[in-house]
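Quick note: the sequence shown, position 177, residue 189 per our numbering, numbers continuous.
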Amino acid sequence: MEAFKERISLYLNLPSFQMSVIDIIEILIISVLIYHVLIWIKNTRAWNLFKGIIIILLFVVVAAAFQMNTILWIAENTFNVGVVALVIIFQPELRKALENLGQKNIFAPFFIGNKDVSEKFSDKTIEEMIKACYAMGKVKTGALIVIEDEIELEEYVRTGIDVDGIVTRQLLINIFEKNTPLHDGAIIIRGNRIVSATCYLPLSDSPSLSKELGTRHRAAVGISEVSDSMTLIVSEETGKVSFALRGQIYRDVDEDYLRQKLKYVQNRSHEATKFEILKRRLIDARKNSKKNN
13 MEAFKERISL YLNLPSFQMS VIDIIEILII SVLIYHVLIW IKNTRAWNLF KGIIIILLFV
73 VVAAAFQMNT ILWIAENTFN VGVVALVIIF QPELRKALEN LGQKNIFAPF FIGNKDVSEK
133 FSDKTIEEMI KACYAMGKVK TGALIVIEDE IELEEYVRTG IDVDGIVTRQ LLINIFEKNT
193 PLHDGAIIIR GNRIVSATCY LPLSDSPSLS KELGTRHRAA VGISEVSDSM TLIVSEETGK
253 VSFALRGQIY RDVDEDYLRQ KLKYVQNRSH EATKFEILKR RLIDARKNSK KNN
């Protein structure tokens, strides 16, 4: 074995190396940390940004290979600013990650698998949501229902009141009944359960939205701009049912079309969201900074 190491070192023109028990332990610790960082990135909106960063790094590598000095100078001078921007943009996710660091066995995924992965909603949940939306539309009861997909919405869940109830038509209608404690704001559905009610959502400031749309519809578009969620809206003024997906709003849809889109979200694999997600996070960070000042 030692002779093989020396041959490899001579061939690669590298110094001979020795590996101790401490080195192996150090490699294992670094591997565990990198694994959990990647899992955290995958389960938050950081995943889309991470893929974008990889693409930028590939461009930088190409620029270095071809000695494109201007691009390399720009990349070098924007690196520090970029790190600070990432900390600001993902401050809620970073805080949550640090809070949860000591709450679970970090070695568990290697032996028992990842149990935190939740299944998507069932066909029964789809039918319950559709029946509830159109029942509320008939009596003009306003509603805002956010259906979480692969990007976690924990920072918005924390703004509401914990519910943790199975999605049923009766429960949805009861939550949004006028003058009840939970009717104001949005509910967030994760899998087949309502996890939180009265949640605050970011409002979209897209100039393409119709001026006649109110706060409920703008909030639905806003959350779809910063995540891969689908949001159902029942208008309190007209009783019409709409939904928002990937920064677009689809107004006054019928049951069959809504069912088709819910099936699409139920069965789709993860898709990269648009650059507007990063743009929106920068806007939100700027607004929060102004409020704090």
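All C-beta atoms, glycine included, are put in the ideal place defined by N, C-alpha and C.
Proximity test, Cβ basis, 7 Å: F255 and chain D: Given the protein chain composition of this structure (a single chain), no chain D is represented.
Neighbourhood of V179 by C-beta, 7 Å cutoff - its chain only, sequence neighbours within 5 removed: On the sequence shown, position 167 is the one that residue 179 refers to. Within its own chain, the residues whose Cβ lies closer than 7 Å to the Cβ of V179, once the five positions on either side in sequence are excluded, are T137, E140, M141, I201, N204, R205, I206, listed in chain order.
Residues that DSSP places opposite S254 in a beta bridge: Numbered from its first residue, the sequence shown carries residue 254 at position 242. Answer is I245.
Sequence-distant residues of the same chain with beta carbon closer than 6 Å to A155, five excluded per side: Residue mapping note: residue 155 aligns to position 143 of the sequence shown, counting from 1. Apart from sequence neighbours up to five positions away, the residues of its chain that approach A155 with a beta-carbon distance below 6 Å are M148, F188, V246, ordered along the chain.
Coarse secondary structure for I206, derived from DSSP in three states: Position 194 of the sequence shown, counting from 1, holds the residue named residue 206. Three-state DSSP puts I206 in a strand.
Beta-carbon spacing of S236, I163 below 7 Å: By one-based count along the sequence shown, residue 236 stands at place 224. By one-based count along the sequence shown, residue 163 stands at place 151. Contact annotation: S236 and I163 have beta-carbon atoms that are not nearer than 7 Å.
Neighbour-count burial assignment, A76, 16 or more Cβ in a 10 Å radius: On the sequence shown, residue 76 is found 64 positions in, with the first residue counted as 1. A76 should be labelled exposed.
Given L194 as reference, the closest of I157, I68, F133 once Cα atoms are compared: Walking along the sequence shown from the start, residue 194 turns up at place 182. If we check each option's Cα against that of L194, I157 comes out closest.
In DSSP terms, what I235 is bridged to: By one-based count along the sequence shown, residue 235 stands at place 223. Residue pairing for I235: DSSP places it in no beta bridge.
contact_flag[the segment 66-86, the segment 34-53] where n(CB pairs < 8 Å) is 3 or more: Touching, no.
Which of helix, strand or coil DSSP assigns to V179: Counting from one through the sequence shown, the residue named residue 179 turns up at place 167. Here V179 sits in coil by DSSP.
Residues near G172 by beta carbon distance below 8 Å, same chain, minus five either side: Counting from 1 along the sequence shown, the entry for residue 172 is found at position 160. So the list reads G197, A198, I199, I200, S208, A209, T210, C211, Y212, once near-sequence residues are dropped.
8 Å CB neighbourhood of D174 in its chain, flanking five on each side removed: Position 162 of the sequence shown, counted from the start, is the residue given in the question as residue 174. When the five nearest sequence neighbours on each side are left out, the beta carbons in the same chain lying within less than 8 Å of the beta carbon of D174 are those of V207, S208, in order along the chain.
Classification of L45 by the beta-carbon crowding that lies within 10 angstroms, buried from 16 upward: Position 33 of the sequence shown, counted from the start, is the residue given in the question as residue 45. Flag for L45 reads exposed.
Endpoints, the alpha helix (DSSP H) within which L270 is located: Indexing the sequence shown from 1 puts residue 270 at position 258. Bounds of the alpha helix (DSSP H) holding L270 are 267-279.
Cβ neighbour criterion (16 or more within 10 Å) applied to D266: Locating residue 266 in the sequence shown gives position 254, counting from the first residue. D266 counts as exposed, since fewer than 16 other C-beta atoms from the protein chains shown sit within 10 angstroms of its C-beta.
Collapsed DSSP secondary structure at E163 in the structure displayed: Within the sequence shown, residue 163 is the residue found at index 151, counting from 1. Looking at the sequence shown, residue 163 is not Glu but Ile. Coil.
M31, buried or exposed, once every other Cβ within 10 Å from all chains shown has been counted against 16: Locating residue 31 in the sequence shown gives position 19, counting from the first residue. Burial call: exposed.
Expected contact under 8 Å - CB spacing of L244 and C145 to nearest Å: Walking along the sequence shown from the start, residue 244 turns up at place 232. Walking along the sequence shown from the start, residue 145 turns up at place 133. Rounded, the Cβ-Cβ distance is 6 Å, consistent with contact.
Y262 - containing beta strand (DSSP E), residue span: The residue you call residue 262 lines up with position 250 of the sequence shown. Counting along the chain, the beta strand (DSSP E) containing Y262 begins and ends at 260-262.
Whole-angstrom C-beta distance between D264 and S254, which should lie under 8 Å: The count along the sequence shown starts at 1 and reaches residue 254 at position 242. The count along the sequence shown starts at 1 and reaches residue 264 at position 252. Yes, S254 and D264 are in contact; Cβ-Cβ is about 6 Å, under 8 Å.
Test item: CB-CB of S216 and R230 under 7 Å: Sequence index remark: in the sequence shown, residue 216 carries index 204 (1-based). Sequence index remark: in the sequence shown, residue 230 carries index 218 (1-based). Cβ distance < 7 Å, so S216 and R230 count as in contact.
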